[in-house]
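To keep things clear, I will list the structure first and then write my remarks on it.
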Amino acid sequence: MQTSLPTSSSSSAKPEMKEKCDHRADCLKMIQLILDGEATDQQLAKVKANLESCQPCIEMYNLEREVKELLTKRMDKRCCPNQLVETIKSKILSFS
Amino acid sequence: MADTKRQFTLTFMATIHPVMSDTPTRDDDQLLPNGDAVEQTPAETPARRYTDEQKYQVFNKEFMPHIDSMYNFAFRLTMDEDDANDLVQDTYLKAFRFISSFEQGTNAKAWLFRILKNSFINDYRKKSKEPAKVDYQDVETTYNSEDAESEHTVDLRAESVSDLIGDEVANALNSLPVDFRTVIILCDIEGFTYEEMAKILDIPIGTVRSRLHRARNLLKEKLRDYASSMGYKEESGD
Chain A
102 MQTSLPTSSS SSAKPEMKEK CDHRADCLKM IQLILDGEAT DQQLAKVKAN
152 LESCQPCIEM YNLEREVKEL LTKRMDKRCC PNQLVETIKS KILSFS
Chain B
29 MADTKRQFTL TFMATIHPVM SDTPTRDDDQ LLPNGDAVEQ TPAETPARRY
79 TDEQKYQVFN KEFMPHIDSM YNFAFRLTMD EDDANDLVQD TYLKAFRFIS
129 SFEQGTNAKA WLFRILKNSF INDYRKKSKE PAKVDYQDVE TTYNSEDAES
179 EHTVDLRAES VSDLIGDEVA NALNSLPVDF RTVIILCDIE GFTYEEMAKI
229 LDIPIGTVRS RLHRARNLLK EKLRDYASSM GYKEESGD
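Just so you know, the protein sequences line up as chains A and B, in that order.
Take the first sequence: its letter number 85 is residue 186 in the working numbering, and every next letter is one higher.
Take the second sequence: its letter number 216 is residue 244 in the working numbering, and every next letter is one higher.
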């Protein structure tokens, strides 16, 4: 569901760029749906339009994407201890 | 030798992950046949008659590759290594015991996560070492109010959080009440779809969406605290 959306908040400052968004909460919800790959085509189109004309939406999009990326990429992943793997396997074998 | 196994596991997971994310509904009905009662023998389930050999095969090929994800999930829920060990072990033993209600080739990861989450609620949550600092019900009520729902956006900039390190993100996540923590883990860390999360958590999709939304607002508040303690100043805005 990756689409080519503006990545920088300083993207070409067109004259008609909105400085204030009246539907922040609703826009935020749609932005999250898009980043989660759960948006409908209609929602996608709407947010895409906003991201070309609404500064607060661009900033919200960048923040949500950044937070999601922190969670996806920067958190330590542990490996299951080998001993636990061995214990589970041996218990399973003694089951039947 | 262990490393070889681990390597295989990781490769395997990397391979199937995108497939899982893109196919939310294909095997919905296979998660667990009869509601949440994984402990009860599902009497009217069309039990698949696996031979012993097939059981081990399914267990090793479909269940074991998810053990690192399962361990991480258990650790993030319990925040304790011993409890995570016990929880993962219990889950895998249950999975084996009820293997006849699992259909080969369906979404094993979601099936396992659901068993783990149910075990956590039934066996660990009460004795969890997590201090009962926030009553979930309170939080739920607060954030359910129409005001919170419609007006609440956290004033924070992407640049302010981009320098946070993994530990800070983990601490922020761990400080959330467990139900909020859970949806973020399932969605953002494990990449489950909303549909899969609804099945794992036994809640409607709409609740998945709104809980996730609230969880992220809470998380951003925590991240803002970290970011500002690092010296970033947020503009005070609307």
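Quick reminder that beta carbons are idealized off the backbone N, C-alpha and C, glycines included.
- Between B:ALA226 and B:VAL236, the CB-CB gap stays under 7 Å.
- Not a single C-beta of chain B is nearer than 7 Å to the C-beta of A:CYS155.
- When the five nearest sequence neighbours on each side are left out, the beta carbons in the same chain lying within less than 6 Å of the beta carbon of B:LYS248 are those of VAL182, LEU184, in order along the chain.
- For a Cβ distance threshold of 8 Å, nothing in chain B lies close to A:CYS158: the least Cβ distance comes to about 11 Å.
- Just so you know, the alpha carbons of B:ALA198 and A:MET176 end up roughly 6 Å apart.
- Here the stretch 154-163 of chain A makes no contact with the stretch 193-210 of chain B; the two share fewer than three CB pairs at distances below 8 Å.
- The beta carbon of A:LEU145 sits no closer than 7 Å to any beta carbon of chain B.
- Between B:GLN82 and A:ASN163, the alpha-carbon positions lie close to 48 Å from each other.
- Residues of the stretch 243-255 of chain B that bring their beta carbon within less than 8 Å of a beta carbon in chain A comprise ARG244, LEU247, LYS248, LEU251, in sequence order.
- One finds LEU185, THR188, ILE189, LYS192 in chain A with Cβ atoms closer than 8 Å to the Cβ of B:GLN117, taken in chain order.
- Close partners of B:VAL197 in chain A (Cβ separation under 8 Å): LEU171, LEU172, ARG175, MET176.
- One Cα belongs to A:MET131, the other to A:GLN144, and the distance between them is close to 7 Å.
- As computed with DSSP, A:CYS155 is found in a beta bridge with A:LYS119.
- A distance of 7 Å or more separates the beta carbons of B:LYS250 and B:SER188.
- Here A:LEU194 is exposed, its C-beta having fewer than 16 other C-beta atoms within 10 Å.
- By the neighbour-count criterion, in which a residue is buried when 16 or more other Cβ atoms sit within 10 angstroms of its Cβ, A:GLN133 is buried.
- Contact annotation: B:ILE217 and A:LEU172 have beta-carbon atoms nearer than 7 Å.
- The beta-carbon distance between B:PHE130 and B:TRP139, rounded to whole angstroms, is 6 Å. This is short enough to meet the 8 Å contact definition.
- Here B:TYR78 carries a coil assignment [DSSP, helix/strand/coil].
- With a beta-carbon spacing of about 10 Å, B:THR106 and B:LEU144 fall beyond the 8 Å limit used to define contacts.
- In the three-state scheme derived from DSSP, where H, G and I count as helix and E and B as strand, B:ALA112 is classed as helix.
- Chain-order list of chain B residues neighbouring A:LYS130: HIS241, by C-beta distance under 7 Å.
- In summary, B:ARG153 is exposed, with fewer than 16 beta-carbon neighbours lying within 10 Å of its beta-carbon over all protein chains present.
- The alpha helix (DSSP H) runs lying completely inside the stretch 85-152 of chain B and spanning 4 residues or more are 95-106, 109-125, 136-147, given in chain order.
- Taking C-beta atoms as the reference points, A:ARG166 and A:LEU185 fail to come closer than 7 Å.
- Contacts with chain B at 7 Å (Cβ-Cβ) include A:GLU139.
- Remark: C-beta atoms of A:LYS121 and A:SER154 do not approach each other more closely than 7 Å.
- Going by DSSP, A:GLU139 is part of no alpha helix (DSSP H) at all; its letter is neither H nor E.
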